[in-house]
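S.K.: Here it is: the structure, laid out below.
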DNA sequence: AACGCTTATTCAAACGTTTGAATCAAGTGA
DNA sequence: TCACTTGATTCAAACGTTTGAATAAGCGTT
């Protein structure tokens, strides 16, 4: 019973129990190159002894000695946001083959926590850092520390190349354009837009894309039909805000046959709001989302949306990180690249072709109560 | 510029740069009790030097020396399942005050990965292990290793007290009963049930609860209206299966006015299937879910469901773990407790009172096509 | 008999911390 | 001058690994 007071089975335990030195045991169990020089019988003995004792090497001791942790920190701004999950999965998938382990932390949209976990990851000596944050993440002084300790960093969801950080994000402007184009091509002309919150970096380019398409068609958006989400607290706040805002919109008595929402949760909120006002989607009003997260796929009607290749973006981040770690190029010499992935229109059930009414082009304002203002099939 | 070749700033660096010994620096920066004996001036010097160098203690070296990692492993069977997120948050919240760090791993419903991460967590010397797995997780031999290394373990989502593992889970039987009772109290008598997959431990007790309520009312379920989900591959498979199955159900030409689904994603699938068959929820058919995950809340109609107090369960797991770590009681002496949390009915929009038809009690079979078989308001 | 070569194993130092014990200077009382 | 305390700092060993260098034994060659 060679269990030591310290709870865990160690190399020394296995050594004593098997009658060999710590070195030999280490060589065998970690099969180092020298393991080939160890006799087969010895190897076998050591292995089975380790097995029966339940030995597992101490990762900390090992990292310390090897000066490598085979670990990449993944700091997500909000894991409860379905947006993060596929990215994380992508990272996981990308790192797997290289035997790197992602250490994922969830900042829960709290800046304090964000910094806290950043520190912890630094202390755990992650060899690289992938940050998922469409969110703020401005100068957190820790950024300087990360630099000083030469930990490479990649950000997903924002363009921070200006700060020298390689960035991966979807081409939001193209996405916004795609969305608007889809609605227009379905014949919609009176389109309400719910813009993203000010402090979110995705908001501006998406809006730009929307405007560009509108302008190109020599059309114009009714400013009365454009609203902006207030700041976002958590994954659900956009939903509730949108639900409220769409009712404001209806109250304005301006006709609209479609709503272009900032993201999927917002779209879901819009649908809820419309539904509570007695309107049906897409019969009475089309609704578009953005991102293509799980709730958009499983709700009925399924949300037509602009898909971000989130999984792929995660994989890209991972491979780019690995590549950076393997390259011997000077640490800061490489310049921060910007990787814009292509958004993709996913047509589902929440949008449909505008049905023109008999002769008239101007539709009545969406009803208070249950009046529909668009003919259904 | 006392940067060392190894990339990271170390205690020695700070020591040399500030002109004190490694010991002193360590004492100051980790403010050990002896720090009170260090002159204020020295403390200040060391602190600022550490600051400017961007020093962060090496968690591995520290853990090695202190023989404690302040770390709890959290192994989730599938992080893309919205079910896991609130639990994880709860654990995080529960550990925070005690300065324990959750190391979360995502097994992606793959047994191989599960074992892999279990090993890694063991190697990282987590001081405790919380497993989230309504899923299988039977004897993984690693369980034996966990025992040998005396790592306390708690499982959320299954009753494994029989194997000596403290378990936390919702009272599924009560939940099933609650759901069935809700539907019956709304007047529904022809209720279809989509049971959970065989290999999921939640399935049986929920079914039992359903049956118990049915029996108590001297009613019976039509076996033709009871279907069982096949095995589950990922978070979405239940959705798609349910969508398919509900159409089978409709094809059987047995009247039903409500569907009791195994969980929320299943319910969402049911709604999709009904919708594709031209039926509206809850107008033509009520649908109930179970769990209360995010998609259930944001889809329209919002899903009436049985809420699991997931966050609270996470907190409980954390506090129970901490308590176990602090107690000096003999490692295996404490016996595995079972903690059943109370499910709660959340009435939303996907269920409604059964509208009796004029005189007749027997409803026509749900239509092929768009025929409704239940009068709407 | 000395040398080199191979094979199987062990020594010992190092990784970056922490911490009980040691050091050392300065001050105090005898 | 000595012993003795107090305060500030440092020594050195240890945590569990890994690994370049060393050892030791066996064996064939000159």
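Chains as they are written, first to last, in this note's numbering: chain A, 3 to 379; chain B, 3 to 379. Just so you know, even glycine gets a beta-carbon here, dropped at the ideal spot from N, CA and C. As the structure is a prediction and not an experimental result, all values here were calculated from the model.
#1: Quick one: any contact between the stretch 44-60 of chain B and the stretch 89-103 of chain B, if contact means 3 or more CB pairs under 8 angstroms?
#2: Rounded to whole angstroms, what's the CA-CA distance from residue 14(A) to residue 312(B)? Just pull it up for me.
#3: What three-state label does DSSP hand residue 18(B) in the structure shown?
#4: With a threshold of 8 angstroms between beta-carbons, can residue 284(B) be considered close to chain A, or not?
#5: Contact check, residue 87(B) vs residue 81(A) under 8 angstroms by CB: the rounded distance?
#6: According to DSSP, simplified to helix, strand and coil, what is residue 175(B)?
#7: By DSSP's criteria, residue 346(A) is part of a beta bridge. Which residues make up the other side?
#8: Of all the CB atoms in chain A, is at least one closer than 8 angstroms to the CB of residue 125(B)?
#9: Closer than 8 angstroms, CB to CB, is residue 91(B) near chain A or not?
#10: Helix, strand or coil: which one does DSSP assign to residue 365(B)?
#11: Against chain A, which members of the stretch 59-84 of chain B pass a CB distance test of less than 9 angstroms?
#12: Three Cβ pairs or more, each shorter than 8 angstroms: is that satisfied between the stretch 108-125 of chain B and the stretch 142-158 of chain B?
#13: Unbroken alpha helix (DSSP H) runs of length 4 or more, entirely within the stretch 257-339 of chain A: which are they?
#14: Is the distance from the Cβ of residue 295(A) to the Cβ of residue 255(A) below 8 angstroms?
#15: On a CA-only basis, which of 348(B), 349(B), 322(B), 346(B) is nearest residue 336(B)? Give me that one, please.
#16: Residue 77(B) and residue 153(B) - do their beta-carbons sit closer together than 8 angstroms?
#17: Exposed or buried, what is residue 35(B) when buried is set at 16 or more other beta-carbons lying within 10 Å of its beta-carbon?
#18: Helix, strand or coil for residue 7(B)? Go by DSSP, reduced to three states.
#19: What is the C-beta distance between residue 170(A) and residue 155(A), in whole angstroms, given that I count them as a contact (C-beta under 8 angstroms)?
#20: Does any C-beta atom of chain B lie closer than 8 angstroms to the C-beta of residue 132(A)?
#21: What runs of the alpha helix (DSSP H), each 4 residues or longer, lie entirely inside the stretch 155-200 of chain B?
#22: Name the chain B residues whose beta carbon is nearer than 9 angstroms to that of residue 38(A)?
#23: Suppose the cutoff is 6 angstroms on Cβ atoms and the five residues either side in sequence are ignored; what does the same chain contact list for residue 108(B) look like?
#24: Going along chain A in order, which residues have a C-beta closer than 8 angstroms to the C-beta of residue 151(B)?
#25: Residue 219(B) to residue 184(B), Cα distance in whole Å?
#26: Would you kindly work out how many angstroms separate the C-alpha atoms of residue 93(B) and residue 73(B), rounded to a whole number?
#27: Provide the residue(s) that pair with residue 104(A) in DSSP beta bridges, ordered along the chain.
#28: Per DSSP, what kind of secondary structure is residue 250(A) in: helix, strand or coil?
#29: Determine whether the Cβ of residue 302(A) lies closer than 8 angstroms to any Cβ atom of chain B.
#30: If you measure from the beta carbon of residue 94(B) to each beta carbon in chain A, is any gap under 8 angstroms?
#31: So which residues of chain B does residue 218(A) contact, with C-beta pairs closer than 7 angstroms?
#32: Less than 8 angstroms between the beta carbons of residue 317(A) and residue 135(A), yes or no?
#33: For residue 188(B), I'd like the list of residues in its chain whose CB is within less than 8 angstroms of its CB, leaving aside the five on either flank, ordered along the chain.
#34: Closer than 8 angstroms, CB to CB, is residue 154(B) near chain A or not?
#35: Excluding the 5 residues flanking residue 371(A) on each side, which residues of the same chain have their C-beta closer than 7 angstroms to its C-beta?
#36: The beta strand (DSSP E) with residue 230(A) in it runs from where to where?
M.R.: Considering the structure as presented:
#1: no
#2: 43 angstroms
#3: helix
#4: no
#5: 6 angstroms
#6: helix
#7: 309(A)
#8: yes
#9: yes
#10: No answer about residue 365(B) holds up, because its pLDDT of 42 lies below 50 and its placement is not dependable.
#11: 59, 60, 61, 62, 63, 64, 65, 66, 69, 71, 81, 82, 84
#12: yes
#13: 266-278, 296-300, 312-328
#14: no
#15: 322(B)
#16: no
#17: exposed
#18: Reliability of the predicted coordinates at residue 7(B) is poor, the pLDDT of 45 falling under 50, and no value is obtained from them.
#19: Between residue 155(A) and residue 170(A) the Cβ distance is about 12 angstroms, and since that is not below 8 angstroms, they are no contact.
#20: no
#21: 174-187
#22: Within chain B, no residue comes near residue 38(A); the closest Cβ sits about 24 angstroms away, beyond 9 angstroms.
#23: 78, 81
#24: 9, 10, 11, 56, 58
#25: 13 angstroms
#26: 12 angstroms
#27: 74(A)
#28: helix
#29: yes
#30: yes
#31: Residues of chain B passing the Cβ test: none, with the nearest at roughly 33 angstroms.
#32: no
#33: 260, 288, 353, 354, 355, 356
#34: no
#35: Annotation note: pLDDT 34 at residue 371(A) (below 50); position unreliable, no value reported.
#36: 228-230
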